[in-house]
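Here is the structure we will look at.
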Amino acid sequence: MTAVGTLTMSSAYAQACVGCEETDAGRKAANQMLLMDIPISVWTDRTIYDHNDKITVHGKVANISGNPVILTVASPLNSVVTIAQIDVNNDGSFETTLNTEGGLWKHDGTYTIKVNYGASQNNKALVELTGETSASSDNCSSSELYLKGDYCVPYSISSGMVTGASINNNDNSIIVRISAEQDGILTLTPDESILNGIFMVLVDGQEWDDVEISGNQVTVMFPAGTEKIEVVGTFVIPEFGTIAVMILAVAIISIIAVSAKSRLSIMPRY
């Protein structure tokens, strides 16, 4: 069985490469002996997943007691994502699959998979979940948010982490998604060509008063657990880009011109 997931041991054998295939027969045998000595071990098939993925969890107990393994997954915010009971096979092994779809898995970051067997035997594995939309791009610096259309917005954040950003053309706003375990501060300084006339901020869908707006810079004091901050202005650049807007404008003008010409051609002549 091959395991490349992150493994954290609570015993003296924490450095063992549990489940890894080794070409050296002696090391392979030693690992098997360690598995028999460790009360409970756990590992995953990979270390990094996305939010529409499946995590295969493997493990082994040294002494079978007839009880199931209790598995608990905690999010980067330390909230419980799922709890499951897993039956132990006759050889002491156990296995289950976790689906990362759904709102409870929505945060990017490190998820802790903890297993308990009996009253005192426990271990854990760590995996990373990443989103489809990154908060950065090769075109933007580490202190800038990336928006579709190759736009970069300068920002800073304390006591939190930005996990993604997007443009909301319906409400003339920029949406910033964050992960925050403590109260913190987010500052955005978008260029006026991207977002202009900032007049309101929403935190998790609610109008927020703990805000400072100075010109085209906005500073938001957010509480722990905040997931979404929306900065609303009077204008926001279309998400599909300036060139696309120009092409669309030319197309509309062409359609109007053709329509006008068609109407003229069918008018009766006297």
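Just so we're aligned, residue 10 is where the sequence shown starts under my numbering, counting upward by one. Yeah, the Cβ is synthetic: ideal placement off N, Cα and C, and Gly gets one too.
Straight-line measurement puts the Cα of K133 at about 38 Å from the Cα of N148. DSSP, reduced to helix, strand and coil, places I49 within a strand of the structure shown. A contact is defined here as three or more CB-CB pairs under 8 Å, and the stretch 239-246 meets this definition with respect to the stretch 192-207. Distance from the CA of I79 to the CA of T196, rounded to the nearest whole angstrom, comes to 42 Å. Taking a 10 Å sphere around the C-beta of A174, we find 16 or more other C-beta atoms and assign the residue as buried. Annotation: D213 to P232 spans about 10 Å, alpha carbon to alpha carbon. The continuous beta strand (DSSP E) containing E104 extends over residues S102 to N108. Under the three-state reduction of DSSP, G112 is assigned to helix. I92 sits in a strand when the DSSP states are folded into three classes.
If you check the CB distance, L107 and I64 come in under 8 Å. A check of alpha carbon separations from S151 across T139, L138, L135 and T172 identifies T172 as the nearest. The C-beta of N61 has fewer than 16 other C-beta atoms within 10 Å across all chains shown, which makes the residue exposed. Beyond the five residues adjoining it in sequence on each side, D192 comes within less than 8 Å, by CB distance, of S168, M230, F231, P232 and A233 in the same chain, given in chain order. V66 is classed as buried because its beta carbon has at least 16 other beta carbons within 10 Å across all chains shown.
Of the residues T198, I92, N87 and E153, the one whose Cα lies closest to the Cα of H116 is N87. Counting along the chain, no beta strand (DSSP E) covers E201, and no H or E run does either. Residues of the same chain with a CB within less than 8 Å of the CB of N99, apart from the 5 flanking positions on each side, are I73 in chain order. Here I166 carries a strand assignment [DSSP, helix/strand/coil].
As a beta-bridge residue in DSSP terms, C161 pairs with Y155. Per DSSP, H67 is one residue of the beta strand (DSSP E) stretching across K63 to V70. Burial check for P247: the Cβ neighbour count within 10 Å stays below 16, so the residue is exposed. With fewer than 16 other Cβ atoms inside 10 Å of its own Cβ, S129 counts as exposed. In the structure shown, the three-state DSSP call for I222 is strand. DSSP links L138 through a beta bridge to Y58 and G118.
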